[in-house]
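Colleague:
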Amino acid sequence: MGAKNGLTVLDMTRWAMACEFRILIAHPDEHYARQVAEAAFDEIYQLESAFNCFDPKSEISYLNAHAHKGYVAVSPDLFEILSFARQIYQETDGALDVTIGPLVALWKSAEQSKIRPDGKAIRDATDRVGMQHLILDPETNSVRFAKEGLQINLGSIGKGYAVGKAVEILRSFGVSSGLISAGNSTTYALGLTPDGTPWQIGIRHPESPNERVAVVELVDRSLSTSGGPRQRDEQVEEFFEHIIDPSTGEPVQTDLISASVITTDPTLADALSTAFYLRGKTFASHYCLANEGIEAILVEKYNSNRYTLSTIRGGII
Amino acid sequence: MSSSSERRATQLTRREFLTGSAATVATAFGLFTESAGKTYGPQDTINAAIIGTGNQGCFLLERAIKIPNVRFVACCDIQEKNLARGLAIAKGAKGYTDYREILERKDIDAVLIATPLHLHAPMTIDSLRSGKHVFCEKMMAYSIEEAKHMLRVARQTGLVLQIGHQRRYDPTYQHAHKLIREGILGKITHVRAHWNRNSNWRRPCPDPKLEELINWRLYRRYSQGLMAELGSHQIDIVNWMLEETPCAVTGVGGIDYWQDGREVYDNVQCIFEYPSGAKFIYQSITSNQYDGCYEQIMGDKGTIVLQIGRALLFREPRAEQLAWEDMAHKEKLQGKEAIVLDASKTPRLKEQRTEGEQLSPEQKVAKDPCLIELEHFFQCIREGLEPLSNPKTALGACVAAIKANEAMDNMKRVIIPKEEYRV
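Order-wise, the sequence lines are chains L and H. Residue numbering for the first sequence follows this note's numbering, beginning at 3 and increasing consecutively. Residue numbering for the second sequence follows this note's numbering, beginning at 909 and increasing consecutively.
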């Protein structure tokens, strides 16, 4: 808690979606700010309970179990995120595919058993992956799987979506200065800081988590990062990399250490950071040049203990 | 919200929220009653409406739209923002700000009611009198007399009235109930339950004129406080597990932490006495969430700790070993070994003494009890069944919660005569 320029700065953190969500609100009335933060956390918890495919009671688990038998009416949030996922799947040539559930389950099991899955297991799981099998009916907000065994996993965009919804809550209650972040992956900066300056958000050093390779200034924009030191554990074999490439069915092979995306929509930032991490620098460059308002910061391997930084359509301070 | 819609919402707040209930009560006590004779086959579509599309209403609606052969054709809320949320979920439904217009529609068979507590009775009674089956959120009613009146009208009309105590529909609770009634805990002597949070229970309110509309839970003329909003769920479970209702209650409550103009207690501690001699110690506080939410049923042969989707059995040292005990999944909690009561496996273990077979994807989905309770509501309409959470069971929780508030208000032990539960 702090106070600047007549604004109280409320800073709250809560655990949700397997990471620490942080909500920072600058507002003259601390009690009001706290109520708004609670309302935003309530929204995040609600999304977590709907989107968590590892919770058998969640809406996504219900969909995964029933949608192959016929259309299932879903909540507006679930329909919106699935519609968005289909759009981004098309725009990224399939780099981001939320039907990746069977592959995630396969590699999660491999990580636990420390036994690499064989080619047949990978082919079997890959056969049950594919956005073309996901049928969306916007007239009724209903979803159907054209293939049995399809499993949705929103891990690559759920946090970004939750950050976006929490920002909507803050805005709807008149908050004009704040910061919302989901772990180390996605952050949104709302307005200016209480000092009247842009929010400064750091991108972590790949080998030294306490250092930053870049600091980005944000105003009403989001920064999302995929890859990075947390998701690469040198102590275990490479195949336990957490991001799976839906096109190969195997853990991603990339020269990037991390990919960060800056744009106005946190769900898009979250999705594109995964897609850029998977597809690499050339793909990211083409995408940023073809689409306005998208900036990327890529950290590449240089040799065993050095890295290079590439900024595509963005400024680094 | 635009300034015109704010004005409208404010006008609605004052006119309909505060005095609208009086007008509807007049209708409720009137003479007209629609016929309850309509029957529905398994494939017939039931047309439904929802009254109240705030957080809880939308929570219900998101589940109810998944039920086959049920179509939501109308949503009602006096707040424009809430109504828009409801209509976004029930695609194709028509929006209303006056629920009586919904009741006039002959094509609507059933309504879900998720409004502030003081409106449950008038809206339920109006709906039943208009020939609609009703699912009404808990607690059943603001007053004992209103709850009894709801029960009487449901009986008179022969329509389904279900109250939203969803724990009764949770397979884990049902499994625990079966085992408890079979005597797994021996003689039940004590129950403890908590629902502890660390939050102020407020929703942000950008316009002070809307404060009582948005934060109705905090004001006595609309709300019975923590005992109704949280406690009634757990009282209902204890009544069910013990198969009796409290005969006396004492308690201490206060507005001690959140001194922000609220009128309902921010902490409650009660002891309910049951005719069997069992004592039920209940607490709900808003300044510490360590204990969370659970019910602990204690008998001379064991203890069951219940939460939604999870039940643990601790055996007393003197209890005999269960036939299936060695095969059951075990967990340690605070150094004590517990048997996990798994509704999908334990009955099979008990009957067949074999490991459960591979479950299908559908079986693996532990359904949300709120979805199950709504599925059951529509099943009751189709098959003429009595809901598990029916007006009689819900009255038990309602009476006990209101009497607990009376005990805390007057700082005395309140006797609850059997007649309070009779209609």
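In this text, a Cβ means the ideal position worked out from N, Cα and C, and glycines have one as well.
1. State the DSSP-derived secondary structure class of L:Ile2, mapped to helix, strand or coil.
2. Under the three-state reduction of DSSP, which class applies to H:His1041: helix, strand or coil?
3. Against H:Asp1276, what residues of chain L qualify as contacts under a CB-to-CB distance less than 7 Å, listed in chain order?
4. Does the beta carbon of H:Ser1107 come closer than 8 Å to any beta carbon on chain L?
5. For a test of the three-state rule: what should DSSP assign to H:Cys1360, helix, strand or coil?
6. Tell me the rounded alpha-carbon separation between H:Leu1249 and L:Gly180.
7. By how many angstroms is the C-alpha of H:Leu1025 removed from the C-alpha of H:Gly1210?
8. Using a Cβ-Cβ distance under 8 Å, would H:Ala1001 count as near chain L?
9. Compare the C-beta of L:Glu141 against all C-beta atoms of chain H and say whether one is closer than 8 Å.
10. Let me make sure I understand the geometry here. Which of L:Val131, L:Val254, L:Ser262 has the alpha-carbon closest to that of L:Arg281?
11. Could you name the residues of the same chain whose beta carbon sits closer than 7 Å to that of H:Ala936, not counting the 5 residues immediately before and after it, in chain order?
12. Of the choices H:Tyr1329, H:Val1331, H:Lys1311, H:Asp1234, whose alpha-carbon is the least far from that of H:Ile1323?
13. Going by beta-carbon coordinates alone, are L:Val131 and L:Ile102 separated by less than 8 Å?
14. In chain order, what residues of the same chain have a beta carbon less than 6 Å from the beta carbon of L:Arg24, not counting five sequence neighbours either side?
15. List the endpoints of the continuous beta strand (DSSP E) containing H:Ala1101.
16. Kindly say whether L:Gly193, judged by its beta-carbon, lies nearer than 8 Å to any beta-carbon of chain H.
17. Quick check on L:Asp34 - is its C-beta less than 8 Å from some C-beta in chain H?
18. Mapping DSSP to helix, strand and coil, what is L:Thr276?
19. Which chain L residues are close to H:Ile973, counting only those with a beta carbon under 7 Å from its beta carbon?
20. Within 10 angstroms of its Cβ, does H:Glu1090 collect 16 or more other Cβ (buried), or is it exposed?
21. Within 10 angstroms of the Cβ of L:Ala18, are there 16 or more other Cβ atoms? Answer buried if so, exposed if not.
22. Would you give the residue range spanned by the beta strand (DSSP E) that L:Arg118 belongs to?
23. Which one of H:Lys1275, H:Gln1204, H:Ile1289, H:Gln1287 has the shortest CA to CA distance from H:His1085?
24. Alpha helix (DSSP H) containing H:Asn1318: first to last residue?
25. Please name the residues in the region 1108-1125 of chain H whose beta-carbon is closer than 8 Å to at least one beta-carbon of chain L, in chain order.
26. Counting contacts by CB-CB distance shorter than 8 Å, is H:Ile1163 in contact with chain L?
27. At a Cβ threshold of 8 Å, is L:Gly176 touching chain H?
28. Would you kindly work out how many angstroms separate the C-alpha atoms of H:Pro1114 and L:Ile203, rounded to a whole number?
29. Taking 8 Å as the threshold (beta carbon to beta carbon), is H:Gly1217 in contact with chain L?
30. Taking the alpha carbon of H:His1098 as the point to measure from, which residue in H:Tyr1007, H:Asp1144, H:Lys1187, H:Leu969 has its own alpha carbon closest?
31. Compare the C-beta of L:Gln37 against all C-beta atoms of chain H and say whether one is closer than 8 Å.
32. Can you grab the Cα-Cα spacing for the pair L:Leu84 / H:Gln1074, in whole Å?
33. Counting only beta-carbon separations shorter than 8 Å, does H:Ala1302 have a partner in chain L?
34. So, for H:Glu1314: in the same chain, excluding its five sequence neighbours on each side, which residues have a beta-carbon less than 6 Å away from its beta-carbon?
35. Candidates H:Gly1162, H:Gly965, H:Thr1301, H:Ile997: which alpha carbon is nearest H:Met1319's?
36. By Cβ distance, which residues of its chain are closer than 6 Å to H:His1028, with the 5 residues on each side in sequence left out?
Modeller: To lay it out plainly:
1. Because chain L in this structure spans residues 3 to 319, residue 2 of chain L falls outside the shown range and cannot be described.
2. To locate residue 1041 of chain H, count along the second sequence from 1; it is residue 133. Three-state result, H:His1041: strand.
3. In the second sequence, counting from the first residue as 1, residue 1276 of chain H sits at position 368. Neighbours of H:Asp1276 on chain L, chain order: Lys59.
4. In the second sequence, the residue the question calls residue 1107 of chain H occupies position 199. Judged by the 8 Å Cβ criterion, H:Ser1107 is in contact with chain L.
5. Lying before the first or after the last residue shown, residue 1360 of chain H is absent from chain H, which here runs from 909 to 1331.
6. Taking the first residue of the second sequence as position 1, residue 1249 of chain H is located at position 341. Taking the first residue of the first sequence as position 1, residue 180 of chain L is located at position 178. Straight-line Cα distance between these residues: approximately 45 Å.
7. Counting from 1 along the second sequence, the entry for residue 1210 of chain H is found at position 302. Counting from 1 along the second sequence, the entry for residue 1025 of chain H is found at position 117. One C-alpha to the other measures close to 37 Å.
8. Taking the second sequence and counting its residues from 1, one reaches residue 1001 of chain H at position 93. Closer than 8 Å: no.
9. Locating residue 141 of chain L in the first sequence gives position 139, counting from the first residue. For L:Glu141, the answer is yes, since a Cβ of chain H falls inside 8 Å of its Cβ.
10. To locate residue 281 of chain L, count along the first sequence from 1; it is residue 279. L:Arg281 has its Cα closest to that of L:Val254, out of L:Val131, L:Val254, L:Ser262.
11. For this step, residue 936 of chain H is matched to residue 28 along the second sequence. Its pLDDT being 41, under 50, H:Ala936 is placed unreliably in this model, and the value from its coordinates should be taken loosely. Result list for H:Ala936: Pro1030, Ile1033, Asp1034, Arg1037, in chain order.
12. Position 415 of the second sequence, counted from the first residue, corresponds to residue 1323 of chain H. The candidate whose alpha carbon is nearest that of H:Ile1323 is H:Lys1311.
13. As a position in the first sequence, residue 131 of chain L is number 129, starting the count at 1. As a position in the first sequence, residue 102 of chain L is number 100, starting the count at 1. Yes; because the gap between Cβ atoms is below 8 Å, this pair is in contact.
14. Reading the first sequence from its first residue, position 22 is the one you call residue 24 of chain L. If you ignore the 5 residues before and after L:Arg24, its C-beta comes within less than 6 Å of the C-beta of Thr15, Ser183, all in its own chain and listed in chain order.
15. Counting from one through the second sequence, the residue named residue 1101 of chain H turns up at place 193. Here the beta strand (DSSP E) through H:Ala1101 covers 1096-1103.
16. For the purposes of this step, residue 193 of chain L is taken as the residue at position 191 of the first sequence. No, its Cβ sits nowhere closer than 8 Å to a Cβ of chain H.
17. Within the first sequence, numbered from 1, the residue matching residue 34 of chain L stands at position 32. Looking at the sequence shown, residue 34 of chain L is not Asp but Tyr. True, the Cβ-Cβ gap to chain H drops below 8 Å.
18. On the first sequence, position 274 is the one that residue 276 of chain L refers to. It is helical.
19. The sequence position of residue 973 of chain H within the second sequence is 65, counting from 1. Per Cβ cutoff of 7 Å: Ala75.
20. For the purposes of this step, residue 1090 of chain H is taken as the residue at position 182 of the second sequence. Exposed, since its Cβ has fewer than 16 Cβ neighbours within 10 Å.
21. Against the first sequence, residue 18 of chain L aligns to sequence position 16. The residue is buried, with at least 16 neighbouring Cβ atoms inside 10 Å.
22. Mapped onto the first sequence, residue 118 of chain L falls at position 116. From DSSP, L:Arg118 is part of no beta strand (DSSP E); its letter is neither H nor E.
23. Reading the second sequence from its first residue, position 177 is the one you call residue 1085 of chain H. Residue H:Gln1204 is the option with its Cα nearest to H:His1085.
24. Position 410 of the second sequence holds residue 1318 of chain H. Taken as a continuous stretch (DSSP letters only), the alpha helix (DSSP H) holding H:Asn1318 covers 1299-1318.
25. Of all residues in the region 1108-1125 of chain H, Asn1108, Arg1110, Arg1111, Pro1112, Cys1113, Pro1114 have a Cβ within less than 8 Å of some Cβ in chain L.
26. For the purposes of this step, residue 1163 of chain H is taken as residue 255 along the second sequence, with counting starting at 1. For H:Ile1163, the answer is no, since every Cβ of chain L falls outside 8 Å of its Cβ.
27. Numbered from its first residue, the first sequence carries residue 176 of chain L at position 174. Yes, L:Gly176 lies at the interface with chain H (some Cβ there is under 8 Å from its Cβ).
28. On the second sequence, residue 1114 of chain H is found 206 positions in, with the first residue counted as 1. On the first sequence, residue 203 of chain L is found 201 positions in, with the first residue counted as 1. Answer to the nearest angstrom: the Cα atoms are 30 Å apart.
29. Locating residue 1217 of chain H in the second sequence gives position 309, counting from the first residue. Cβ-Cβ to chain L under 8 Å: yes for H:Gly1217.
30. Start at 1 with the first residue of the second sequence, and residue 1098 of chain H comes out as number 190. Considering only alpha carbons, the answer is H:Lys1187.
31. If you number the first sequence from 1, residue 37 of chain L lands on position 35. Residue contact check for L:Gln37 against chain H: a CB pair falls below 8 Å.
32. By one-based count along the first sequence, residue 84 of chain L stands at place 82. By one-based count along the second sequence, residue 1074 of chain H stands at place 166. Distance between the alpha carbons of L:Leu84 and H:Gln1074 is about 29 Å.
33. As a position in the second sequence, residue 1302 of chain H is number 394, starting the count at 1. It does not: the Cβ of H:Ala1302 has no partner Cβ on chain L nearer than 8 Å.
34. Here residue 1314 of chain H is taken as the residue at index 406 of the second sequence, counted from 1. The answer, listed in chain order, is Val1322.
35. Along the second sequence, read from residue 1 onward, the residue named residue 1319 of chain H stands at position 411. Nearest C-alpha to H:Met1319: H:Gly1162.
36. Counting from 1 along the second sequence, the entry for residue 1028 of chain H is found at position 120. If we look at H:His1028 and ignore the five residues flanking it on each side, its Cβ neighbours are Cys1044, Ala1049.
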